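Per the numbering used here, residue 103 is the first one in the sequence shown, and the count goes up by one each step. Encoded as structure tokens, the structure appears first; notes follow it.
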Amino acid sequence: MKDNESLKELAGRRNFGPDHALVTTPQPCVMIATWDESHTPDVMMAAWAGQYDYKQIVISLSEHKTTENLRKAKAFTVSFADVRTVAESDYLGLVSANKVPDKVSRVGFTVTPSPNVDAPVINEYPLTLECKVLSLEDGILVGEVVNMSADPSILDEEGKVDLGKLQPIVFDAAANTYRALGEVVGQAWKSGRKYL
103 MKDNESLKEL
113 AGRRNFGPDH
123 ALVTTPQPCV
133 MIATWDESHT
143 PDVMMAAWAG
153 QYDYKQIVIS
163 LSEHKTTENL
173 RKAKAFTVSF
183 ADVRTVAESD
193 YLGLVSANKV
203 PDKVSRVGFT
213 VTPSPNVDAP
223 VINEYPLTLE
233 CKVLSLEDGI
243 LVGEVVNMSA
253 DPSILDEEGK
263 VDLGKLQPIV
273 FDAAANTYRA
283 LGEVVGQAWK
293 SGRKYL
């Protein structure tokens with residue numbers, strides 16, 4: 103008997119079981135940038151990522167060129183794929199730097215060395231987290247964010263990052279598509295006050 107066959111149904115709903123790709127979708131499309139041993143930039147897309155603590159990020163990774171680079175440099179940057187960079191970001195996730203070492207330049211991206219960690223900043227992504235590796239064990243990368251930098255084009259009138267201007271994309275695992283974020287639908291710690 104399959105695990106799903108033993109599950110009880112909730113009236114009016116359909117069961118998918120615990121192994122469905124939609125468990126925690128949507129996922130942010132984060133772009134991890136590192137230097138390789140010859141100081142060539144490498145960028146890969148990861149979709150299983152999130153904020154771990156106020157100044158920490160956690161990313162689930164299998165073995166890649168990027169994980170080799172992370173172990174050596176102990177640093178990386180994280181940027182966020184957006185609607186303007188869908189094709190380039192997808193390509194950087196499809197192609198391994200082990201096979202295509204110049205994949206970053208192939209999509210026309212340029213880099214600037216981070217002034218705070220030993221990793222490249224991808225100039226075409228307007229929001230970047232500069233991070234130090236805290237741990238990389240059992241496929242889980244934990245990084246300490248030492249700085250966040252943003253292009254002025256994605257800031258609001260108060261100087262804060264505006265997701266509506268950034269238009270980051272997320273990975274929809276149920277449909278294998280990318281979706282854009284940005285619309286404001288409520289205010290955190292304010293919208294629910296009508297029930298207080």
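Every residue gets a Cβ at the ideal spot worked out from N, C-alpha and C, and that includes glycine. Treat the numbers as computed from the prediction; the structure is a model and nothing was measured.
- In this chain, the beta strand (DSSP E) harbouring Asp155 covers 151–155.
- In the DSSP assignment, Phe182 forms a beta bridge with Val132.
- Looking at the DSSP output, Lys234 shares a beta bridge with Ala177, Glu246.
- Just measuring C-alpha positions, the residue of Gly294, Gly210, Ala175, Ala149 sitting nearest Lys234 is Ala175.
- For a cut-off of 8 Å, the C-beta gap from Asp274 to Pro128 is around 5 Å, short enough to register as a contact.
- The beta carbon of Leu229 is closer than 7 Å to those of Ser181, Phe182, Ala252, Ile256, Val263, Leu268 in its chain, skipping five residues each way along the sequence.
- Ranked by how close their Cα comes to the Cα of Asn218, the residues Glu190, Lys201, Lys205, Ala177 have Ala177 in first place.
- For Asp144, the enclosing beta strand (DSSP E) begins and ends at 143–148.
- Contact check for Ala151 and Val145: beta-carbon distance about 14 Å, past the 8 Å limit, so the pair fails to qualify.
- Within the same chain, Pro143, Val145 come within 6 Å of Val206 by CB-CB distance, once the 5 residues on both sides are set aside.
- Relative to Asn249, the option among Leu298, Val202, Asp220, Val188 whose CA is nearest is Asp220.
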